[in-house]
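Working notes, structure below.
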Ligand code: PMP
Ligand code: GLU
């Protein structure tokens, strides 16, 4: 038996792979500190878990409508109305098994072989493979650290060809934490409209923004923009519900219908119990988010202050999400034992073996000069991890 051609161009998710490695090292008795995978270290709030128990006890355990229960669609519609001033009907909304699954369905509903999808780098690891699995071509457009890793309208314009179908935007960004302002989105929107392309706006970190900065979705720029934008969001990060697998999308109804058709022939509905829990999450008290955000903020401040104190390291202050993306280029070509640090993968391998600290190399996000830290872990752990990194850096010559 041979693997399909399609699979040859795709690697497993590096973020999940690093998590698996850290977990297996821990199981083998190694005290690894992980800044690897991006998932909140908080428990799903009790009222959400209670609702899941209730749903189960009441027998809400059968297939549901493929694209999600009406009650959850209504909660999502209400969220868009209150938070983003965006209005959608039920047939413009669909629920899938996590934001990742939404993106996968979207790619399959929208893309043909030969279509190009513009992905600003640094990008979240799964965007290019999802595009490739749908038979289309990712077009990676670099951004600059000094522009806070944001795509400029000029770079967007230059990357557009007659084959361009979509632009993927992610604000707040994984891995950089950058947050686009309204005027930056307006400038990009102008190019999008002029070239008649679509936008996938991944807003999964929408609620995790620091310093009281406002969140803006590109779909809010104008009705015309909204009609060509697919807003992707989910419960994983905001409500510490990564394992429940609930994500959602809002956009043009004929594409939503196409995605529902794909879902009907693949996973069917997302988990019925998780959908009920998601209704409780969206409609219930939201104060948990502030508590979590405060903890992330404290860690962000500490992490940044320590990183910036390390010889040769610089790091932009992340405005949102729970990642920092420092530049480790200073250490390239330095040596440990017989090994030369040629790029972010070598540095991360060195930290894992020498300091027992798991990090994700920037190369996985399309920029080899950087390393991603997820600070969704306790302050004491962060402190210990940074002490170890500092020690390991000191041994590089
Ligand atoms: N988008 C971004 C930018 C992410 O970091 C993640 C990571 N989990 C997702 C989408 C997908 O999350 P999930 O499938 O858990 O909803
Ligand atoms: N998005 C998270 C991360 O970047 C979770 C892992 C994944 O889904 O790839 O670490």
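In the numbering used here, the protein residues as written are 803 to 1199. Even for Gly, the Cβ is constructed at its ideal location relative to N, Cα and C. In this text the structure is predicted, and so the values were computed from the model without any measurement.
Taking a contact as a CB-CB distance under 8 Å, the pair residue 1072 and residue 1048 counts as one, their CB atoms being some 6 Å apart. Residue state for residue 1163 is assigned as strand, using DSSP reduced to three classes. Residue environment analysis places residue 1146 among the buried positions, since at least 16 neighbouring C-beta atoms fall within 10 angstroms of its C-beta. Taking the Cβ of residue 831 as the reference point, every heavy atom of the ligand PMP lies at 8 Å or farther away. If you draw a straight line from the Cα of residue 1158 to the Cα of residue 1183, it is about 12 Å long. Cβ atoms of residue 1025 and residue 1017 stay farther apart than 8 Å, at about 19 Å.
Comparing C-alpha distances from residue 852 to each of 948, 1050, 1075 shows the shortest one belongs to 1075. Between residue 815 and the set 924, 959, 930, the nearest pair of CA atoms involves 930. 911 is the residue among 811, 885, 882, 911 whose C-alpha sits nearest the C-alpha of residue 1068. Relative to the ligand PMP, residue 1038 has its C-beta within less than 8 Å of a heavy atom. Relative to the ligand GLU, residue 818 has its C-beta within less than 8 Å of a heavy atom.
Nearest in C-alpha terms to residue 845, of all of 1061, 1042, 1103, is 1042. DSSP places residue 1073 in the coil class of the three-state scheme, outside both helix and strand. Residue environment: residue 884 is assigned as exposed (fewer than 16 neighbouring CB atoms within 10 Å of its CB, all protein chains considered). If you look at residue 887, you'll find it isn't in any alpha helix (DSSP H); DSSP assigns it neither H nor E. Rounded to the nearest angstrom, the gap between the Cα atoms of residue 1023 and residue 833 is 48 Å. Closest in C-alpha terms to residue 1118, from the list 878, 949, 858, comes 949.
At a cut-off of 8 Å, the beta-carbon of residue 978 does not count as near the ligand GLU: no heavy atom of the ligand is closer than that.
Listed in chain order, the non-local C-beta contacts of residue 1197 below 8 Å within the same chain comprise 1138, 1156, local neighbours out to five positions each way being set aside.
Here the C-alpha atom of residue 934 lies approximately 14 Å from the C-alpha atom of residue 902. Not a single heavy atom of the ligand PMP lies less than 8 Å from the C-beta of residue 1174.
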